[in-house]
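J.:
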Amino acid sequence: MQDRPLLLQLLKNYDNTTKFPFLIPSANDKPFTKQELYLRQLKHASHMGRMGADVTNIYKPHKDVSSPNSIDKITINKLMAAGVHLGHSTTLWRPSTQPFIYGEYRGVHIIDLNKTLSYLKRACHVIEGIAQRGGLILYLGTGEGHKRGLEEAAKRTHGYYVSTRWIPGTLTNSTEISRNLEKHEINGDDMPTLRELTAEETNIISKPDLLVVLNPTENRNALYEAMKSRVPTIAIIDTDSEPSLVTYPIPGNDNSLRSVNLLLGILAKAGEKGLKSRLKKEASVGS
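Encoded structure:
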């Protein structure tokens, strides 16, 4: 009953309230009443509610699309928070992904994030260089929820994206596929010149300089066409994917939207860096 004086002081603060106007404190040798226990709970909540610590370095997955981090700010912890390390069931394992696997846990392969970070840095260097040289980047992702991330990535790098279905022959039979597409000329700033194209210029076929694939297992035809057309590719390779079909594979979870958006945002940020470098150079030359 050492808390009895504290409770009496507490009751003085509450006895004039309209909520407990007729509250009578219990005797020292009696247990607390329900009303007294309730007041103690209120006091404890008001006191403890002011205590605690401010949590910093919080992972916010929605920012992976709107404001992604650059590759130099990415750590193993951020990759793990997004679930990039989670592979597929061991029953779906493709042996060619063995170099990317760290181990196994409860029937699921765990991807080595050290390898992921290393391959991701290489892919960022590639996409930055292509954007810096004015190359055309095409993003492909046909999974549920991929569209928003693809739109943002295409905007950042002045590229294009496919989010519905890969049309067979887009690269290998581009003459027929692009026959009805509208074409225009752009300048060094990627702005239309509004110049009318000649018939010969209209028939020129422009293929992408880089193809970025988010779910390569479902888009094998696109990878085959890229190989035949000699278009380099970057793709997220899960433990059930085939890395030999990709020029620059990135070991990672291609089923989790958090994982895909994180990796795509990092690549787009690298491409944006290369694009800004090129536009800055064009502006200095023009002036």
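Residue numbers (the numbering used here): 1 to 287. Yeah, the Cβ is synthetic: ideal placement off N, Cα and C, and Gly gets one too. From a predicted model like this one, the values you see are computed outputs, not experimental measurements.
Roughly how many whole angstroms lie between the Cα atoms of residue 120 and residue 89?
T.: The straight-line gap from Cα to Cα measures roughly 23 Å.
J.: Tell me which residues share the same chain as residue 250 and place their Cβ nearer than 8 Å to its Cβ, disregarding the 5 neighbours each side in the sequence.
T.: 116, 119, 120, 123, 234, 235, 236, 237, 263
J.: What's the gap between the Cα of residue 26 and the Cα of residue 82?
T.: 55 Å
J.: Quick check on the DSSP output: the beta strand (DSSP E) that includes residue 161 runs from which residue to which?
T.: Note, residue 161: beta strand (DSSP E), 160-162.
J.: What residue does the alpha helix (DSSP H) around residue 59 start on, and which one ends it?
T.: No alpha helix (DSSP H) holds residue 59; DSSP gives it neither H nor E.
J.: Please work out which residues of its chain come closer than 8 Å, Cβ to Cβ, to residue 166, disregarding the five sequence neighbours upstream and downstream, and give them in chain order.
T.: Taking residue 166 as the centre and dropping the five residues before and after it, the same chain places the C-beta of 140, 142, 219, 221, 222 closer than 8 Å to its C-beta, in chain order.
J.: Please report how far the alpha carbon of residue 217 lies from the alpha carbon of residue 284, in whole angstroms.
T.: 43 Å
J.: Which word fits residue 17, buried or exposed, when buried means at least 16 other C-beta atoms lie within 10 angstroms of its C-beta?
T.: Note on residue 17: pLDDT 49, under 50, position unreliable in the model; the coordinate value appears next. Exposed: under 16 other Cβ atoms inside 10 Å.
J.: Within the continuous alpha helix (DSSP H) that includes residue 82, where are the two ends?
T.: Unbroken run through residue 82: none, as it is neither H nor E.
J.: By DSSP, does residue 14 sit in helix, in strand, or in coil?
T.: Any reading at residue 14 is ruled out, since the residue's pLDDT is 47, under 50, leaving its predicted position unreliable.
J.: Count the other CB atoms, across all protein chains shown, that sit within 10 Å of the CB of residue 246; report buried if there are 16 or more and exposed otherwise.
T.: buried
J.: Check residue 87 in the structure and name its three-state DSSP category.
T.: strand
J.: Tell whether a beta-carbon distance below 9 Å holds between residue 225 and residue 171.
T.: yes
J.: So, is the C-beta of residue 116 closer than 9 Å to a C-beta in chain B?
T.: The displayed structure is made up of one protein chain only, and chain B is not part of it.
J.: Which of helix, strand or coil does DSSP assign to residue 231?
T.: coil
J.: Who are the Cβ neighbours of residue 108 in its own chain at under 8 Å, not counting the five residues just before and after it?
T.: 86, 87, 88, 89, 90
J.: Are residue 271 and residue 149 close, meaning C-beta to C-beta below 9 Å?
T.: no
J.: Are the beta-carbon atoms belonging to residue 78 and residue 59 less than 9 Å from one another?
T.: yes
J.: Considering residue 339, what are the terminal residues of the alpha helix (DSSP H) in which it resides?
T.: The structure shown does not extend to residue 339, since the chain is modelled only from 1 to 287, so the question has no answer here.
J.: Taking the C-alpha atoms as reference points, what is the distance between residue 153 and residue 241?
T.: 23 Å
J.: Is the beta carbon of residue 255 closer than 9 Å to that of residue 64?
T.: Their beta carbons are not under 9 Å apart, which means residue 64 does not touch residue 255 by this criterion.
J.: Rounded to whole angstroms, what's the CA-CA distance from residue 133 to residue 174? Just pull it up for me.
T.: 23 Å
J.: Out of 93, 128, 163, point me to the one whose CA is closest to residue 243's CA.
T.: Among 93, 128, 163, the Cα nearest to that of residue 243 is on 93.
J.: Just to confirm, is the Cβ distance from residue 228 to residue 131 under 9 Å?
T.: no
J.: Taking the Cβ atom as the reference point for each residue, do residue 57 and residue 266 lie within a distance shorter than 9 Å?
T.: Pairing residue 57 with residue 266 gives a Cβ-Cβ distance that is not under 9 Å.
J.: Put residue 36 into one of helix, strand or coil per three-state DSSP.
T.: helix
J.: Identify the residues that DSSP records as bridge partners of residue 237: which are they?
T.: Within the DSSP secondary-structure output, residue 237 pairs in a beta bridge with 251.
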